[in-house]
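Engineer: One structure, as structure tokens, below. Some questions next.
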């Protein structure tokens with residue numbers, strides 16, 4: 001046997017195989033993003049019903065398994081809310097949400113979530129708890145919601161309104177439009193009372209089933225406006241999910257949190273992975289702006305927000321400023337800022353350079369932990 005010829009042939013074959021596999025491996029790149037969350041949106045998980053908002057149990061499980069195998073980390077609603085307030089989340093974080101509270105969530109999605117120990121939030125239309133016939137797709141019962149939230153500690157239920165998941169006669173969403181009764185359009189006061197009552201009723205219904213705070217809503221059809229947000233906040237909600245297809249960051253308005261649709265039958269696991277990757281947001285190693293409350297907490301200071309007024313205490317110094325202001329007035333005189341104070345997601349934000357000027361020290365930022373460490377003194381002065 002010609003061993004020299006055989007070894008040469010094998011080597012050539014291996015090289016050819018390597019070249020063939022290279023593009024495949026390139027396509028299988030693992031996700032790599034931090035300081036943001038891919039909030040996924042589903043509706044109906046069913047094996048025979050067909051619609052643009054329905055996926056089979058198999059596709060749902062394939063998506064979950066694929067994302068776990070690729071290195072995504074699923075987080076709970078509690079972890080997400082802590083993230084919005086400044087806490088860290090794992091890299092490649094994902095939150096699963098399911099709208100409408102259909103029975104298919106309990107029968108088909110819930111077993112998959114339990115199997116893979118994946119946290120999720122089910123947004124429930126609470127009028128269906130009293131009147132199941134009000135939904136053309138069978139809804140979950142109180143007993144099913146109770147079982148789902150008490151068998152595990154990682155399934156949450158929140159609001160999808162009480163009776164506002166509908167369109168009015170003028171085709172406007174019930175949360176933003178004016179109802180017409182007996183030929184008369186409701187007044188501003190009647191509209192406000194209707195939205196306030198709807199929000200409070202939904203919270204009351206879910207609080208009888210579920211011990212954790214009911215403070216989160218997913219807007220029907222994703223339609224919302226400034227006035228309805230104001231009323232929903234007044235009724236008790238602190239977080240609201242839209243259908244804007246973006247990644248969720250701390251900069252997001254807590255009442256306008258984006259979500260990425262994953263619940264359509266044509267979204268394969270591979271396609272879902274690509275959709276998420278295309279929407280990731282680059283996070284710099286040193287932030288342009290940093291949450292002032294988080295910075296003061298880490299550095300031993302204190303910050304309070306009183307409407308638009310920001311009060312800062314750090315070591316033996318004290319400042320007062322306003323959102324969008326370019327200066328802080330305090331015990332050491334006026335501190336002139338390079339960039340104005342901003343308000344993002346309820347958090348006063350200070351530019352990274354101005355934070356170092358305020359502390360009079362050079363600072364280093366660890367993007368993996370979101371921790372600040374102070375270095376040597378910074379030569380600066382107030383005027």
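Residue numbers (UniProt numbering): 1 to 383. For every residue, glycine included, the Cβ atom is placed at its ideal position computed from N, Cα and C.
At what residues does the beta strand (DSSP E) containing residue 137 begin and finish?
Structural biologist: Here residue 137 belongs to no beta strand (DSSP E), and DSSP marks it neither H nor E.
Engineer: Any idea if residue 219 is buried or exposed, counting beta-carbon neighbours within 10 angstroms, 16 or more meaning buried?
Structural biologist: Classification for residue 219: buried.
Engineer: Roughly how many angstroms separate the alpha carbons of residue 361 and residue 372, rounded to a whole number?
Structural biologist: 11 Å
Engineer: Using the rule of at least 16 other Cβ atoms within 10 Å of the residue's Cβ for burial, across every protein chain shown, is residue 105 buried or exposed?
Structural biologist: buried
Engineer: At 4 residues or longer, and completely inside the stretch 179-218: list those alpha helix (DSSP H) runs for me, N to C.
Structural biologist: 188-207
Engineer: Return yes when at least one heavy atom of the ligand COA lies under 7 Å from the C-beta of residue 146, else no.
Structural biologist: With respect to the ligand COA, the structure offers nothing, as it holds no ligand at all.
Engineer: In whole angstroms, what separates the C-alpha of residue 72 from that of residue 32?
Structural biologist: Going by the C-alpha atoms only, they are around 9 Å apart.
Engineer: Which class does residue 252 belong to by DSSP, given the choice of helix, strand or coil?
Structural biologist: coil
Engineer: Output the distance between the C-alpha atoms of residue 332 and residue 289, rounded to the nearest integer angstrom.
Structural biologist: 23 Å
Engineer: For a test of the three-state rule: what should DSSP assign to residue 247, helix, strand or coil?
Structural biologist: coil
Engineer: Would residue 273 and residue 237 qualify as a contact pair, given that the criterion is a beta-carbon distance under 8 Å?
Structural biologist: no
Engineer: Which residue's Cα is closest to the Cα of residue 277: 113, 92, 365 and 203?
Structural biologist: 92
Engineer: Quickly, what does DSSP pair residue 101 with across the bridge? List them, please.
Structural biologist: Beta-bridge pairing links residue 101 to no other residue.
Engineer: Quick one, which of 134, 161, 66 and 196 has its alpha-carbon nearest residue 118's?
Structural biologist: 66
Engineer: Helix, strand or coil: how does DSSP classify residue 352 here?
Structural biologist: helix
Engineer: Assuming residue 291 is part of the beta strand (DSSP E), what are its boundary residues?
Structural biologist: Looking at the DSSP string, the run of the beta strand (DSSP E) that includes residue 291 is 289-291.
Engineer: Starting from the C-beta of residue 207, find all residues in its chain whose C-beta is less than 8 Å away, skip the five residues before and the five after it, and write them out in chain order.
Structural biologist: 214
Engineer: Can you tell me where the beta strand (DSSP E) with residue 315 in it begins and where it stops?
Structural biologist: Per DSSP, residue 315 belongs to no beta strand (DSSP E) and is neither H nor E.
Engineer: Looking only at its chain, what residues have a beta carbon closer than 6 Å to the beta carbon of residue 165, apart from the 5 residues adjacent to it on each side?
Structural biologist: Result list for residue 165: 125 and 220, in chain order.
Engineer: Of all the options 175, 109, 136 and 69, which has the alpha carbon lying nearest to the alpha carbon of residue 148?
Structural biologist: 109
Engineer: From 62, 37 and 53, pick the residue whose C-alpha is nearest to that of residue 268; which is it?
Structural biologist: Comparing Cα positions, the closest option is 62.
Engineer: Among the residues of its own chain, which have a CB less than 6 Å from the CB of residue 303, if the five just before and after it don't count?
Structural biologist: 292, 293, 296 and 312
Engineer: Can at least three beta-carbon pairs, one atom from the stretch 44-59 and one from the stretch 234-248, be found at a separation below 8 Å?
Structural biologist: Contact between the stretch 44-59 and the stretch 234-248 is absent: fewer than three C-beta pairs spanning the two stretches fall below 8 Å.
Engineer: Apart from the five residues on each side of it in sequence, which residues of its chain come closer than 6 Å, Cβ to Cβ, to residue 386?
Structural biologist: Past the boundaries of the shown model lies residue 386; the chain is included only from 1 to 383, so the question cannot be answered.
Engineer: Apart from the five residues just before and just after residue 175, which ones in its own chain have a Cβ nearer than 6 Å to its Cβ?
Structural biologist: 164 and 228
Engineer: Using alpha carbons as the reference points, say which of 77, 339, 338 and 100 lies closest to residue 153.
Structural biologist: 77
Engineer: Suppose contacts are defined by Cβ-Cβ distances below 8 Å. Is residue 351 in contact with residue 339 by that definition?
Structural biologist: yes
Engineer: Could you work out which residue in 96, 168 and 38 is closest to residue 186 when comparing CA atoms only?
Structural biologist: 168
Engineer: Which of the three DSSP states, helix, strand or coil, is assigned to residue 74?
Structural biologist: In this structure, residue 74 counts as strand in the three-state DSSP scheme.
Engineer: I need the straight-line Cα distance from residue 86 to residue 255, nearest angstrom please.
Structural biologist: Residue 86 and residue 255 have their C-alpha atoms some 16 Å from each other.
Engineer: Of the choices 212, 177 and 133, whose alpha-carbon is the least far from that of residue 150?
Structural biologist: The residue with the shortest Cα to Cα distance from residue 150 is 212.
Engineer: If you reduce the DSSP assignment to three classes, tell me which class residue 283 lands in.
Structural biologist: Note: residue 283 maps to coil in three-state DSSP.
Engineer: DSSP beta-bridge partners for residue 306?
Structural biologist: In the DSSP output, where bridge partners are listed per residue, residue 306 has 309.
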